[in-house]
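Numbering (the working numbering), first residue to last: 256 to 582. Below is one structure; the comments refer to it alone.
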Amino acid sequence: MTQEETLDVGKVRAALRPGLADRVAAVRVREGAISLVVEGTGLDAAARGAAEAELKEALNDLANGKTIAVAFMGERVTRRIVAIGSGKGGVGKSTVTANLAVALKRAGVKVGVIDADIYGPSQPILLKSEDMKPEAEGETLQPVIGAADIPMLSMGHLVNKGRALAWRGPMAGRALAQLFEANWGDAELLLVDLPPGTGDVQITMLQKFRPDGAVIVSTPQDLALADAARAGSLFDQGEVPILGLIENMAGYVCPHCGEASDPFGSGGVERAAGRLDLPFLGRIPLSLAIRESSDAGTPIALGDTPEGAAYRAIADRISEALGTGAA
Ligand SMILES: Nc1ncnc2c1ncn2[C@@H]1O[C@H](COP(=O)(O)OP(=O)(O)OP(=O)(O)O)[C@@H](O)[C@H]1O
Numbered sequence: 256m257t258q259e260e261t262l263d264v265g266k267v268r269a270a271l272r273p274g275l276a277d278r279v280a281a282v283r284v285r286e287g288a289i290s291l292v293v294e295g296t297g298l299d300a301a302a303r304g305a306a307e308a309e310l311k312e313a314l315n316d317l318a319n320g321k322t323i324a325v326a327f328m329g330e331r332v333t334r335r336i337v338a339i340g341s342g343k344g345g346v347g348k349s350t351v352t353a354n355l356a357v358a359l360k361r362a363g364v365k366v367g368v369i370d371a372d373i374y375g376p377s378q379p380i381l382l383k384s385e386d387m388k389p390e391a392e393g394e395t396l397q398p399v400i401g402a403a404d405i406p407m408l409s410m411g412h413l414v415n416k417g418r419a420l421a422w423r424g425p426m427a428g429r430a431l432a433q434l435f436e437a438n439w440g441d442a443e444l445l446l447v448d449l450p451p452g453t454g455d456v457q458i459t460m461l462q463k464f465r466p467d468g469a470v471i472v473s474t475p476q477d478l479a480l481a482d483a484a485r486a487g488s489l490f491d492q493g494e495v496p497i498l499g500l501i502e503n504m505a506g507y508v509c510p511h512c513g514e515a516s517d518p519f520g521s522g523g524v525e526r527a528a529g530r531l532d533l534p535f536l537g538r539i540p541l542s543l544a545i546r547e548s549s550d551a552g553t554p555i556a557l558g559d560t561p562e563g564a565a566y567r568a569i570a571d572r573i574s575e576a577l578g579t580g581a582a
């Protein structure tokens with residue numbers, strides 16, 4: 256018998272690493288070609304591409320010059336990417352991202368988080384995964400599991416804590432590509448925490464990773480609003496549809512006397528959304544509890560406080576706009 260005739264599933268699996276071997280469902284050898292049927296559930300296009308390349312490489316010797324064809328079976332995950340941006344830093348974009356992820360997850364959406372903020376990645380603190388290190392299968396990173404069981408990857412997971420992140424050009428690009436091309440499994444929605452600002456770095460990211468939609472976070476001050484409008488043009492330039500604007504730090508209720516005040520003004524973002532002809536997604540109050548829960552890595556949207564409800568209402572609007580989950 257020739258090697259061609261005796262090549263079976265067992266032999267093929269034995270030549271592969273376990274994670275990949277388990278996915279091989281059938282092997283056919285015909286006229287000098289080897290066809291593999293591979294279980295592709297939970298693998299998106301990038302992960303399927305990586306798996307195919309790895310299979311071909313690993314089976315090269317066994318194939319002995321024959322061509323290898325790989326066919327995937329199982330549902331292909333339709334995955335959307337939504338970028339969360341802000342014209343200026345410190346307006347609460349990362350806090351909004353983490354809490355929206357939690358709120359979406361609670362609404363039944365299979366959500367993951369990519370922290371693409373190369374200047375100050377804060378998702379590992381916000382979603383309590385600071386000491387975790389993502390494992391790699393070949394070139395493919397495995398997301399770590401943060402608060403509320405949310406799969407996530409951050410630029411902060413790729414470097415040692417405290418090391419200055421002066422990422423530039425190609426190095427940042429390669430690291431970011433690893434985050435986007437990770438094994439996101441069955442995640443149907445990835446929220447991307449963008450670096451603040453509207454410069455070349457942000458436009459390059461949008462062009463490369465082509466989000467399906469964008470959300471802009473702003474505080475109600477005039478200065479922040481001017482920057483939010485710039486963020487709007489950035490997304491227009493990148494041809495990314497804007498799902499809407501969120502007003503953060505909108506009004507302050509004193510935890511001691513209960514008096515409400517508006518340190519940054521009020522309603523400005525909703526008016527700006529009107530002027531820019533964009534949807535207004537909702538308002539998050541300035542609240543000590545939000546800051547404290549963020550620092551503790553227990554996003555407030557995990558609980559049933561009024562602040563949590565504010566994030567959940569926005570998450571529902573985003574879900575509705577995307578047609579995902581149970582909104
Ligand atoms: N609604 C809020 N009420 C109170 N504090 C808030 C609120 N939103 C965010 N913060 C706090 O404001 C600070 C900045 O928030 P965050 O890091 O989310 O902003 P950012 O826009 O992502 O900043 P960066 O420009 O660094 O990426 C944090 O200390 C956070 O806890």
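Think of the CB as a built atom: it goes at the ideal place given N, C-alpha and C, for glycine as much as any other residue. Keep in mind that this is a model prediction, so the values were computed, not measured.
- Taken atom to atom, the span from the alpha-carbon of L382 to that of M410 is near 14 Å.
- Between V293 and V282, the alpha-carbon positions lie close to 9 Å from each other.
- When the Cα atoms are used, E385 and A430 turn out to be separated by approximately 18 Å.
- Residue nearest to P540 within the set V368, G529, A556, G452 is A556 (criterion: CA-CA distance).
- At a cut-off of 6 Å, the beta-carbon of M387 does not count as near ligand 1: no heavy atom of the ligand is closer than that.
- At a cut-off of 6 Å, the beta-carbon of M328 does not count as near ligand 1: no heavy atom of the ligand is closer than that.
- Non-local C-beta neighbours of G493 in its own chain, meaning closer than 7 Å and more than five positions away in sequence, comprise I458, L461, Q462, ordered along the chain.
- Going by beta carbons, P475 and G537 fall outside the 7 Å limit.
- Rounded to the nearest angstrom, the Cβ distance from L577 to L444 is 7 Å, consistent with a contact under 8 Å.
- In this structure, the straight-line span from the alpha carbon of G347 to that of S549 is close to 10 Å.
- The beta strand (DSSP E) runs of length 3 or more contained entirely in the segment 502 to 557 are, from start to end of the chain, 535 to 541.
- Going by C-alpha positions, G440 is about 30 Å away from L489.
- Beta-carbon to beta-carbon, A486 and G340 are separated by about 5 Å, close enough to satisfy the 8 Å threshold.
- If you look at M387, you'll find it isn't in any alpha helix (DSSP H); DSSP assigns it neither H nor E.
- Contact annotation: I369 and L413 have beta-carbon atoms that are not nearer than 7 Å.
- Residue pairing of T474 in beta bridges, as defined by DSSP: absent, with no partner found.
- Pairwise C-beta distances place the segment 344 to 359 out of contact with the segment 386 to 394, as fewer than three of them are shorter than 8 Å.
- Excluding five sequence positions before and after R335, the CB atoms of its chain that fall closer than 6 Å to its own CB belong to L444, D467, L577, given in chain order.
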